[in-house]
Amino acid sequence: MYEELEQIREKCKNCQKCPLAKSRTNTVFSDGVPNSNLVLIGEAPGYWEDQKGLPFVGKAGQLLDKIFASVGLSRQKDVYICNTIKCRPPENRNPLPEEKEACREYLQAQLDILKPKIILVCGNIALNTMLPNERGITRARGKWFDGPYGSKMMPIFHPSYLLRNDSREKGSPKWLMWQDIQEIKREYDKLFV
Ligand code: URA
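Quick note on numbering: the sequence shown equals residues 4 to 196 in this note's numbering.
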């Protein structure tokens, strides 16, 4: 599995399939545990991810790590993290449909190789790709959906959204995320502990 993933990572590193290849510093393929049963799919690299070649290493990434840590999970031992798009769109704009289309094969290959049991669909860009019939993360979050290879998928808020919404009151995005991560951990424990 590790070898196969490394081959795709190498192919991705040299990818010239869309114009984002010209503006990127690094492709951002994945971080975390390659044989994980738990995969998180984010949106696209931002400034720091592009600089470092790793997903979720900026502010949003730090919050994501805290959210996982709150239920005893970490990217060092439990989670494989990747993005829908492997190159940073200029000024962090949303990826264009043709960029998503060009990049699709890499995410597809990651899921084909890993066959995770649980997939976390993080934010609207990932939602549009994984569950195109759903109408927005606010409605879809917190629910389990059937995913590829018999997996269970749950859409969750993107940590950048949580950074913009500071309230922890009942019903707030942060409060909802806390409910969701606990449900995810319950499912994880049922399957793997
Ligand atoms: N936001 C994402 O969706 N992915 C990253 O890697 C960083 C920020």
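Glycine included, each C-beta is placed from N, C-alpha and C at the ideal position.
Judged by DSSP secondary structure, G145 falls outside any beta strand (DSSP E); it is assigned neither H nor E. Taking non-hydrogen atoms of the ligand URA into account, the C-beta of G56 is found less than 7 angstroms away from none of them. Here A72 is exposed: its Cβ has fewer than 16 other Cβ atoms, across all protein chains shown, within 10 Å.
Along the segment 42-128, the beta strand (DSSP E) occurs as fully enclosed runs of 3 or more residues at 82-86, 121-125, listed in sequence order. Non-local beta-carbon contacts of K103 in its own chain, meaning distances under 7 angstroms to residues more than five positions away in sequence, involve T87, I88, T132 in chain order. The beta carbon of E172 is closer than 8 angstroms to those of W178 in its chain, skipping five residues each way along the sequence. Under the DSSP definition of a beta bridge, K155 partners with I121, D149. Membership of D169 in any alpha helix (DSSP H) is not indicated, and neither H nor E is assigned to it by DSSP. One residue list follows from the rule of a beta carbon closer than 7 angstroms to any heavy atom of the ligand URA, given in chain order as V31, G45, E46, A47, P48, G49, E52, P58, F59, G61, A63, G64, N86, C125, G126, H161, S163. Contact between the segment 7-21 and the segment 42-49 is absent: fewer than 3 CB-CB pairs across the two stretches fall below 8 angstroms. With contacts defined as CB atoms closer than 8 angstroms, N127 and I116 fail to qualify as a contacting pair.
Taking the C-beta atoms as reference points, L110 is found nearer than 8 angstroms to C85. Fewer than three Cβ pairs drawn from the segment 155-162 and the segment 93-102 lie within less than 8 angstroms of each other, which leaves the two stretches out of contact. With contacts defined by Cβ atoms closer than 8 angstroms, V36 and K69 do not form a contacting pair.
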